[in-house]
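Numbering-wise, the numbering used here comes out as the position in the sequence shown, counting from 1, plus 119. In this text, a Cβ means the ideal position worked out from N, Cα and C, and glycines have one as well. None of the values given here were measured: they were computed from a predicted structure.
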Amino acid sequence: MQEQEVKIPSHIAIILDGNGRWAKKRNMPRNYGHTQGSKTVEKICEDAYKIGVKYLTVYAFSTENWKRPKDEVDAIMKLLRSYLQTSKKTAKKNNMRVRILGDKTGLSEDIQKSIDELEEVSRENTGLNLQVAINYGGRDEIIRAVKALSLDIKKNTIAIDNIDEKAMENYMDTKGIPDPDLLIRTSGEKRLSNFLLWQLAYTEFYFTDVLWPDFDKKELMKAIEYYNSRVRRFGAIS
Ligand code: FPP
Numbered sequence: 120m121q122e123q124e125v126k127i128p129s130h131i132a133i134i135l136d137g138n139g140r141w142a143k144k145r146n147m148p149r150n151y152g153h154t155q156g157s158k159t160v161e162k163i164c165e166d167a168y169k170i171g172v173k174y175l176t177v178y179a180f181s182t183e184n185w186k187r188p189k190d191e192v193d194a195i196m197k198l199l200r201s202y203l204q205t206s207k208k209t210a211k212k213n214n215m216r217v218r219i220l221g222d223k224t225g226l227s228e229d230i231q232k233s234i235d236e237l238e239e240v241s242r243e244n245t246g247l248n249l250q251v252a253i254n255y256g257g258r259d260e261i262i263r264a265v266k267a268l269s270l271d272i273k274k275n276t277i278a279i280d281n282i283d284e285k286a287m288e289n290y291m292d293t294k295g296i297p298d299p300d301l302l303i304r305t306s307g308e309k310r311l312s313n314f315l316l317w318q319l320a321y322t323e324f325y326f327t328d329v330l331w332p333d334f335d336k337k338e339l340m341k342a343i344e345y346y347n348s349r350v351r352r353f354g355a356i357s
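As structure tokens, then:
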């Protein structure tokens with residue numbers, strides 16, 4: 120049988136879930152799961168880029184996640200801080216462009232500064248485009264976009280009649296980034312959890328029971344195989 124060519128999705132979005140359960144299964148604190156989870160993010164970035172993925176978007180911290188116990192929120196922020204710092208070096212080494220999605224103003228000032236620096240130093244990189252969603256909520260993003268758009272209407276920089284999908288995209292955090300072709304959610308949950316509500320309108324969804332820290336290249340390829348089965352059945356997905 121002739122082997123069919125594998126179509127690699129250009130943009131993969133991931134709801135990384137199951138860090139806590141992964142740690143619990145090992146009688147370890149939840150924060151240990153988050154540490155392993157952040158290592159998995161780094162590994163998957165490399166794997167995804169090597170197979171030809173151009174954009175990868177990961178949900179690291181939602182607007183809802185602030186409701187978690189303070190020590191867990193603090194530990195996640197510490198991890199993100201160190202991730203943002205080390206990424207300045209790894210982005211250069213891997214030619215990776217990093218952008219942060221979400222309401223940056225809700226983050227502590229040092230994190231905001233790190234984000235600005237990382238986005239700036241990686242701006243010209245032409246390898247993988249990594250989007251990390253931090254203090255992100257899909258509804259919050261749409262509200263912020265509507266507010267910014269309303270201000271432009273007030274300033275007469277855009278006319279109401281000219282508001283269409285393309286114009287709206289200019290106000291989203293993902294401005295200039297194509298919509299995801301494939302969404303992966305780990306750990307058996309089948310919810311969207313307020314992730315990329317606007318951008319996932321036509322995206323294929325893949326769910327797996329694998330907990331995020333265990334997600335690896337083999338699992339990534341299974342998700343891509345599933346995506347291919349959908350593309351083969353339905354042709355261009357819409
Ligand atoms: C998912 O598992 C955990 C999160 C969404 C929170 C933090 C994510 C990370 C630390 C990954 C790091 C990302 C980067 C970019 C460094 P969960 O705690 O919801 O797991 P559970 O459902 O088993 O409790």
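- Assignment of beta-bridge partners to residue 181 by DSSP yields 255.
- Membership of residue 334 in any beta strand (DSSP E) is not indicated, and neither H nor E is assigned to it by DSSP.
- Of the candidates 143, 170, 145 and 179, 179 places its Cα closest to the Cα of residue 159.
- The region 285–355 is shown to contain whole alpha helix (DSSP H) runs of 4 or more residues at 336–353, in chain order.
- Following the DSSP letters along the chain, one finds residue 218 inside the beta strand (DSSP E) bounded by residues 216–220.
- By the neighbour-count definition (other C-beta atoms within 10 Å, threshold 16), residue 258 is an exposed residue.
- Shortest Cα-Cα distance from residue 320 to any of 350, 266, 298 and 155 involves 298.
- The residues 305, in chain order, have a CB closer than 6 Å to that of residue 327 in the same chain once the five nearest residues on each side in sequence are set aside.
- Taking the Cβ of residue 335 as the reference point, every heavy atom of the ligand FPP lies at 7 Å or farther away.
- Nearest in C-alpha terms to residue 217, of all of 182, 352, 209 and 241, is 241.
- Of all alpha-carbon atoms in 145, 343, 206 and 186, the one lying nearest the alpha-carbon of residue 333 is that of 145.
- Taken through DSSP and simplified to helix, strand or coil, residue 146 comes out as coil.
- Minimum Cα-Cα distance from residue 291 among the listed residues 342, 161, 314 and 310 corresponds to 314.
- For residue 135, the CB falls within less than 7 Å of some heavy atom of the ligand FPP.
- DSSP, reduced to helix, strand and coil, places residue 175 within a strand of the structure shown.
- In this structure, residue 172 lies near residue 131, with their beta-carbon atoms less than 8 Å apart.
- In the structure shown, the three-state DSSP call for residue 135 is coil.
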